[in-house]
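Working notes, beginning with the structure itself.
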């Protein structure tokens, strides 16, 4: 079962409203998806671009009170797998002109605060800073010619995941693909969707096997 969720966006709603809405959707799925034929014991999140960032952050902040103060006590926002597609995983880095422009955009439009005065907001919103040993399995997908979010974002994030996390980390870099390739390039979209299905099926089978061994 696939749930297509929406969330409030800037500039009308400033950060962290975006991730709060994603957390609310995850909690709802955990509590209710079985009523519609889904499996509440296996919840995966996926997203593209800003959705890739939100999916990664949601996966790395399971049940973190910082981002679910509005949820009922006991709400479960953990996920079992994450697929991030051409996402931005670092909100702090200003080491290149492109990255500095993005941080400026965050300050003016999304966060509506400055990084110099509120560095913790940008740090906490950066998935690359939230990686722990207990991170869920990840599949990160990015095009090598992405001019909106350079591929170095994905490479650095994957490197961090593989260095710290105990879970599976897959990386698919598509030669020549740009931002939003899945909307324009059918030749790449089909194989990418197949790779995502293989990844999720593998994680699901591994979890099911582990559950049998524990029992």
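Residue numbers (the numbering used here): 1378 to 1592.
Yeah, the Cβ is synthetic: ideal placement off N, Cα and C, and Gly gets one too.
Predicted, not measured: the structure shown is a model, and the values here were computed from it.
Under a Cβ-count criterion, where at least 16 other Cβ atoms within 10 Å of its own Cβ denotes burial, should residue i be classed as buried or exposed?
i: residue 1537; result: buried
i: residue 1592; result: Residue confidence for residue 1592 is low, a pLDDT of 49 falling below 50, so the modelled location carries little weight and cannot support an answer.
i: residue 1379; result: exposed
i: residue 1571; result: exposed
i: residue 1482; result: exposed
i: residue 1564; result: exposed
i: residue 1413; result: exposed
i: residue 1442; result: exposed
i: residue 1445; result: buried
i: residue 1411; result: exposed
i: residue 1493; result: exposed
i: residue 1561; result: exposed
i: residue 1365; result: Past the boundaries of the shown model lies residue 1365; the chain is included only from 1378 to 1592, so the question cannot be answered.
i: residue 1575; result: exposed
i: residue 1514; result: buried
i: residue 1567; result: exposed
Give the range of the alpha helix (DSSP H) segment to which residue i is assigned.
i: residue 1541; result: 1529-1541
i: residue 1399; result: 1394-1409
i: residue 1497; result: 1496-1501
i: residue 1380; result: Here residue 1380 belongs to no alpha helix (DSSP H), and DSSP marks it neither H nor E.
For residue i versus residue j, is the C-beta distance shorter than 8 Å?
i: residue 1388; j: residue 1486; result: yes
i: residue 1632; j: residue 1407; result: Residue coverage of the chain in this structure runs from 1378 to 1592, which leaves residue 1632 outside it and unanswerable.
i: residue 1452; j: residue 1556; result: no
i: residue 1460; j: residue 1382; result: no
i: residue 1550; j: residue 1521; result: yes
i: residue 1507; j: residue 1434; result: yes
In this structure, how does DSSP classify residue i when only helix, strand and coil are distinguished?
i: residue 1444; result: helix
i: residue 1520; result: strand
i: residue 1424; result: strand
i: residue 1484; result: helix
i: residue 1469; result: coil
i: residue 1413; result: helix
i: residue 1630; result: Nothing in the structure corresponds to residue 1630, since the chain is present only between 1378 and 1592.
i: residue 1592; result: Bear in mind that the predicted position of residue 1592 carries a pLDDT of just 49, short of 50, making it unreliable; the figure below should be weighed with that in mind. Looking at residue 1592 - three-state DSSP - the assignment turns out to be coil, as it is neither helix nor strand.
Going by alpha carbons, who is nearest to residue i out of the options?
i: residue 1438; options: 1497, 1586, 1516, 1501; result: 1501
i: residue 1432; options: 1452, 1522, 1465, 1450; result: 1465
i: residue 1504; options: 1531, 1447, 1386, 1484; result: 1531
i: residue 1523; options: 1458, 1462, 1398; result: 1462
i: residue 1526; options: 1397, 1392, 1413, 1428; result: 1428
i: residue 1489; options: 1392, 1385, 1384, 1378; result: 1392
i: residue 1543; options: 1509, 1470, 1382; result: 1509
i: residue 1472; options: 1552, 1529, 1545; result: 1529
i: residue 1422; options: 1413, 1493, 1440, 1402; result: 1402
i: residue 1519; options: 1533, 1455, 1475, 1507; result: 1533
i: residue 1496; options: 1385, 1450, 1467; result: 1467
i: residue 1577; options: 1457, 1415, 1560, 1511; result: 1457
i: residue 1516; options: 1436, 1584, 1415; result: 1436
i: residue 1430; options: 1586, 1478, 1499, 1552; result: 1499
i: residue 1580; options: 1552, 1535, 1546; result: 1546
For residue i, report the span of its beta strand (DSSP E) as first-last.
i: residue 1458; result: 1458-1462
i: residue 1549; result: 1546-1551
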